Amino acid sequence: MHPILYQFEGDGSFAIATYPVMQALGALVLLVLGGLTLRSQVSLGRGLLLIGLFIATMYLGSRLGYRILSTLGEEQGGATGMWLPGGILLALPTLLLVGRWLRADPWWLVDHLAPSVYLSAGIARLGCFFQGCCYGEQTEGWWGLRFPKYSPAHLGQMNHDPLGFLSPPAPVHPTQLMDVALCWLLALVSLALLTGGVVRKPGLVALGCGTLFTLGRAFIGTLRASDPKLPTWANDAPYLPLSIALVLLIAAVIRWRHTSESLAAPASIECKDPA
């Protein structure tokens, strides 16, 4: 845990928090790598516009979703945080619609953006680890991490035990690092599928990896400590990501059975920028 990246001393002293820096770094990685990846289908400028809109809508949807859901939780109103499904629900349709407007196959776009998206998501998730948020439940396992005293994890434990301040923080599941590992593993998997020519129909890489991602999130969610600001069904209940995984899996089957396009044939995609 390292919430402050750098502290400027002096009369106008201020601190640079690690979490927003990691978010910005993840966004920068996605812009650079994603923009370079999409150059064969759209111009660099339009590719950066597409990715910028994806990042903005992902952030806006996550923030807005958390704010709305916090009104239904135990501690109602005014909560700030991020709820990933809200970002996906807003960002994915935006990506598909804007990709269509750019006259490029939107399924080709989401496939080839997948490695960059998962890489950048893992970087941003490291910010959660340094911030100390999104921590796991207590565990006796050897893999448990012990956060510093009065960290968010320790304060959460003290909420359940008023005398917890007399004891050192208990180890918890490293759920943030599990998320990082999941994202980076899927970055490698999606890259291998794209470069190895294993998957030849547009959309299957993104939908398949999205299914694996939501299944992984369903498991990790069962290990996370509850957020009292959110209702139970949006908190650590696995049936929400499992429902999303089922929808993605059905969409992947439909694409596989009813699509004759080839992912390895970019000539079939309209590459010209709109007039």
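Going by this note's numbering, the first residue of the sequence shown is number 10, and it counts up by one from there.
Note that beta-carbon positions come from the ideal geometry of N, C-alpha and C, so glycine has one too.
The model shown is predicted, which means the values in this text are computed figures rather than measured ones.
When DSSP labels each residue in this structure, what does residue i get in the three-state scheme?
i: residue 15; result: strand
i: residue 147; result: strand
i: residue 279; result: Note that residue 279 has pLDDT 43, beneath the 50 cutoff, so the model's placement of it is unreliable and no number is given.
i: residue 23; result: strand
i: residue 59; result: helix
i: residue 181; result: strand
i: residue 118; result: helix
i: residue 209; result: coil
i: residue 267; result: helix
i: residue 112; result: coil
i: residue 226; result: helix
i: residue 93; result: helix
i: residue 155; result: coil
Pull up the distance between the alpha-carbon of residue i and that of residue j, whole angstroms please.
i: residue 146; j: residue 249; result: 19 Å
i: residue 139; j: residue 159; result: 14 Å
i: residue 31; j: residue 136; result: 5 Å
i: residue 200; j: residue 206; result: 10 Å
i: residue 76; j: residue 90; result: 7 Å
i: residue 254; j: residue 231; result: 16 Å
i: residue 102; j: residue 256; result: 14 Å
i: residue 110; j: residue 152; result: 47 Å
i: residue 133; j: residue 29; result: 8 Å
i: residue 260; j: residue 117; result: 15 Å
i: residue 192; j: residue 128; result: 6 Å
i: residue 187; j: residue 229; result: 7 Å
i: residue 184; j: residue 163; result: 15 Å
i: residue 37; j: residue 168; result: 37 Å
i: residue 281; j: residue 58; result: The predicted position of residue 281 is uncertain, since its pLDDT is 43 and thus under 50; no value can be drawn from it.
i: residue 26; j: residue 198; result: 32 Å
i: residue 15; j: residue 33; result: 15 Å
i: residue 96; j: residue 65; result: 9 Å
i: residue 312; j: residue 161; result: Shown here, the chain extends from 10 to 284; a query on residue 312 therefore has no answer.
i: residue 78; j: residue 99; result: 15 Å
i: residue 222; j: residue 92; result: 15 Å
i: residue 170; j: residue 142; result: 19 Å
i: residue 208; j: residue 175; result: 56 Å
i: residue 265; j: residue 203; result: 16 Å
i: residue 155; j: residue 51; result: 47 Å
i: residue 165; j: residue 144; result: 9 Å
i: residue 150; j: residue 242; result: 27 Å
i: residue 194; j: residue 218; result: 10 Å
Would the C-beta of residue i count as close to the ligand ZN, meaning under 8 Å from any of its heavy atoms?
i: residue 175; result: The ligand ZN is not part of this structure, which contains no ligands at all.
Whose C-beta lies closer than 7 Å to the C-beta of residue i among residues of the same chain, with five residues either side of it excluded?
i: residue 148; result: 180, 181, 182
i: residue 23; result: 17
i: residue 284; result: Residue placement at residue 284 is flagged as unreliable, the pLDDT there being 38, under the threshold of 50; the coordinate-derived value follows with that caveat. Excluding residues within five positions, none has a Cβ falling inside 7 Å.
If I measure Cβ to Cβ from residue i and keep anything under 6 Å in the same chain, skipping five residues before and after, which residues do I get?
i: residue 258; result: 220
i: residue 196; result: 124, 127, 128
i: residue 226; result: 250
i: residue 53; result: 44
i: residue 47; result: 56
i: residue 74; result: 92, 95
i: residue 130; result: 192
Strictly under 9 Å for the Cβ-Cβ distance: is residue i near chain D by that measure?
i: residue 45; result: Considering every chain present, this structure includes no chain D. It has just one protein chain.
Among the residues of its own chain, which have a CB less than 8 Å from the CB of residue i, if the five just before and after it don't count?
i: residue 5; result: Because the chain is modelled from 10 through 284, residue 5 falls outside the range shown and cannot be assessed.
Would you check if the segment 70 to 81 and the segment 112 to 128 touch, i.e. whether three or more CB-CB distances between them fall below 8 Å?
-> With a cut-off of 8 Å, the segment 70 to 81 and the segment 112 to 128 do not count as touching, because too few Cβ pairs lie within range.
Quick one: any contact between the segment 228 to 239 and the segment 210 to 220, if contact means 3 or more CB pairs under 8 Å?
-> No: fewer than three Cβ pairs fall under 8 Å.
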